[in-house]
Structures are given as C-alpha cells and as structure tokens.
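Some notes on the structure that comes next.
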C-alpha cells in the first residue's frame, strides 16, 4: 500500500468531514446493533487518519497501516489448528517479520535521531501515561495520557476520552479473561490430555500447548526450520485428530456468551461508543480515498 501524509490541508478536511458527519450534535442512539470486523477496521482507519494529521502538524510523518497488511497473520490462542498454515509458517516468525516490514511507522521511527524519536513519542502518546484510568473487573488498572495525537484522535471519534479508554481496555481485558477461563475449564484440560497423548506418540512429550510454546527457541530466522514446521504440523494435526480443536472452539464461544452476559452493561457501552462513532468514521475513510 502506498501511504503518505497529506499534510495540513488534509487535516482540515478530516476535521470538517467529521464535524459534518456528527452535525455538531451529541451522537444519537445508533440504529445498527452489532459491530462487525469490517466496522472495527473502519474505526481503526479513521483513528489513524486523525493521528496522521495530528502528527503532521507536530512535524512528523505517520502512515496509515491497514488491518490486513499481512493476510496470513492469524491468532491461535489455545492451540494451532490450521495444518496448512503450520506447514507454511511453522510458528509464524516469518509472519512477524512481514508485519514489521509492513509497518512503515516503525521503519520511519527508526530513521529518526534519538531526540526526534523522543519528541515523536511525546507527540503521539503524550509526555506521561497519566490522566485517564481504566479499572478492570479482575483487578488490573490501566492509565493513559490525556495528551498526544492518539488521545486527541480517540476524543474526536468517541467524545469522552475517559469513557472510551475504560470501554476499550475492558474489551481487551475481557478477551484475556475469556482465554484464561477456557484454559481453566475441566473440559479443556481433559481435551489437552488427549492431545498430549497424540503428541507423545509422535515423539513430542508436551502436557499442553502452552508448555510447547515455552519450549520454542527464540529465533530471528525468516524461514521456519524444518524441525519447527514438523512440530507445528504435528500440533495442529493432533488438535484436529483429537477433540481439542473442537472443545477449544466450543468453550471459546460459550465463555464469550457468559462474559457478555455477566458484564452486559460494559459490553453494551463499548458497542454503543463504537456504533456512535461509525457514521463519522465511514465518512472520513471514504473521503480519504485510501489505496486498496
């Protein structure tokens, strides 16, 4: 993707587009009731456009990076289940290299002198990570600056920065909470036992996928070694030939529903803030004519 900063003129355009879309009014109750992956991508692009223009005013470049910059980037929170992916990527170091190469902001930042790097960080994230606070139901407390281009972009999109930061961090924390609950479920541990038996029979005695991950050596190699590919393929094959892949997917869906019900008001708040921001975000992204 050919990404570049359009400068101050675009900054004015983005702001004008956003104000026009919002009509200068508080967001009304959105008619749409769900937020799709495409919607989340639109919100992310709109936020990046605002950050880009803000950073331009501060004298720095910022490049809008698409969500799908590396289509083969996948997450396997419980166990590798895609045999073809494992055969191609092993455990995905090559994908991580591709992600870093696709991130033009990372490359640009690396070219800056140390003093400019520090100034760029302050411009984007503020001088200190304090000002807004998010308290999670399972204990953690997160803080973030009220200053900087990221905070400005989120405030422009979502209105109240404190409310959005709480909602955003809650959504991230809820995902981690779900994964922890799935792994602690007796049905999951029983399924991993069957998987471990399969792995041991193939010459890889690991009690569960997490212990396998910990055993992997750190490497910067672009191409996965044959031994890594063989291990990854065996992990995925055993996940599918036993019940682990099915049980993990079933429990993931089950705990998603449970946690959404338990924390319904927080989930609804996060969704409402996203839905309220979507009309302006769609208008901004359409007006930017980003390359496909």
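Residue numbers (mature numbering (1 follows the signal peptide of the UniProt record, and there is no 0)): -21 to -1, 1 to 271.
Yeah, the Cβ is synthetic: ideal placement off N, Cα and C, and Gly gets one too.
Owing to the predicted nature of the structure, the values given are computational and were not obtained by experimental measurement.
I'd like the list of long-range same chain contacts for residue i, defined as Cβ closer than 7 Å, with 5 residues on each side in sequence excluded.
i           : result
residue 150 : 249
residue 226 : 166, 167, 170
residue 223 : 58, 170, 171, 173, 174
residue 66  : 208, 212
residue 198 : 72
residue 141 : 111
residue 156 : 117, 238
residue 74  : 49, 51, 52, 68
residue 81  : 44, 48, 49
residue -15 : Its pLDDT being 32, under 50, residue -15 is placed unreliably in this model, and the value from its coordinates should be taken loosely. Same-chain partners within the cutoff: 35.
residue 271 : none
What does a CB cutoff of less than 8 Å around residue i pick up in its chain, not counting 5 residues either side in sequence?
i           : result
residue 78  : 48, 49, 52
residue 62  : 212, 215, 216, 219
residue 189 : 162
residue 3   : Reliability of the predicted coordinates at residue 3 is poor, the pLDDT of 39 falling under 50, and no value is obtained from them.
residue 152 : 115, 116, 117, 119
Using only CA atoms, which one of the options lies nearest to residue i?
i           : options            : result
residue 37  : 184, 10, 178, 105  : 105
residue 43  : 83, 177, 62        : 83
residue 260 : 202, 24, 217, 11   : 24
residue 182 : 138, 198, 206, 122 : 206
residue 17  : 155, 137, 46, 262  : 46
residue 178 : 103, 133, 210, 157 : 210
residue 269 : 117, 20, 15, 10    : 20
residue 307 : 100, 203, 130      : Beyond the ends of the chain as shown, which are -21 and 271, falls residue 307; an answer cannot be given.
residue 129 : 56, 119, 35, 10    : 35
residue 247 : 271, 221, 201, 143 : 143
residue 201 : 70, 76, 11         : 76
residue 180 : 85, 158, 194, 221  : 221
residue 193 : 70, 11, 15         : 70
residue 235 : 154, 11, 262       : 154
Taking just the CA atoms, how far does residue j sit from residue i?
i           : j           : result
residue 115 : residue 160 : 16 Å
residue 107 : residue 127 : 10 Å
residue 191 : residue 164 : 19 Å
residue 245 : residue 232 : 18 Å
residue 239 : residue 122 : 24 Å
residue 32  : residue 138 : 18 Å
residue 13  : residue 243 : 14 Å
residue 97  : residue 254 : 35 Å
residue 196 : residue 54  : 19 Å
residue 252 : residue 176 : 46 Å
residue 109 : residue 89  : 26 Å
residue 229 : residue 95  : 49 Å
residue 274 : residue 99  : Not covered by the structure: residue 274. The range shown for the chain is -21 to 271.
residue 277 : residue 257 : The structure shown does not extend to residue 277, since the chain is modelled only from -21 through 271, so no value can be given for it.
residue 91  : residue 85  : 10 Å
residue 148 : residue 158 : 16 Å
residue 93  : residue 262 : 37 Å
residue 102 : residue 241 : 38 Å
Name, in chain order, the residues that DSSP records as bridge partners for residue i.
i           : result
residue 246 : In the DSSP output, where bridge partners are listed per residue, residue 246 has none listed.
residue 105 : DSSP lists no partner for residue 105.
Excluding five sequence neighbours on each side, which residues of the same chain lie with their C-beta closer than 6 Å to the C-beta of residue i?
i           : result
residue 145 : 113
residue 214 : 59
residue 184 : none
residue 7   : Low confidence applies to residue 7: its pLDDT is 49, below 50, so where it sits in the model is not reliable, and the reading given next is rough at best. Excluding residues within five positions, none has a Cβ falling inside 6 Å.
residue 264 : 21, 24, 25
residue 187 : 171
residue 1   : A caution first: residue 1 carries a pLDDT of 44, below 50, which makes its placement in the model too unreliable to give a value.
residue 132 : 26, 29, 30
residue 11  : 254
Could I get the ranges of all uninterrupted beta strand (DSSP E) runs contained in the stretch 150 to 187, with 3 residues as the minimum, in chain order?
none
What are the start and end residues of each continuous alpha helix (DSSP H) run of 4 or more residues lying completely inside the stretch 59 to 140, in chain order?
62 to 68, 72 to 81, 83 to 90, 93 to 104, 128 to 137
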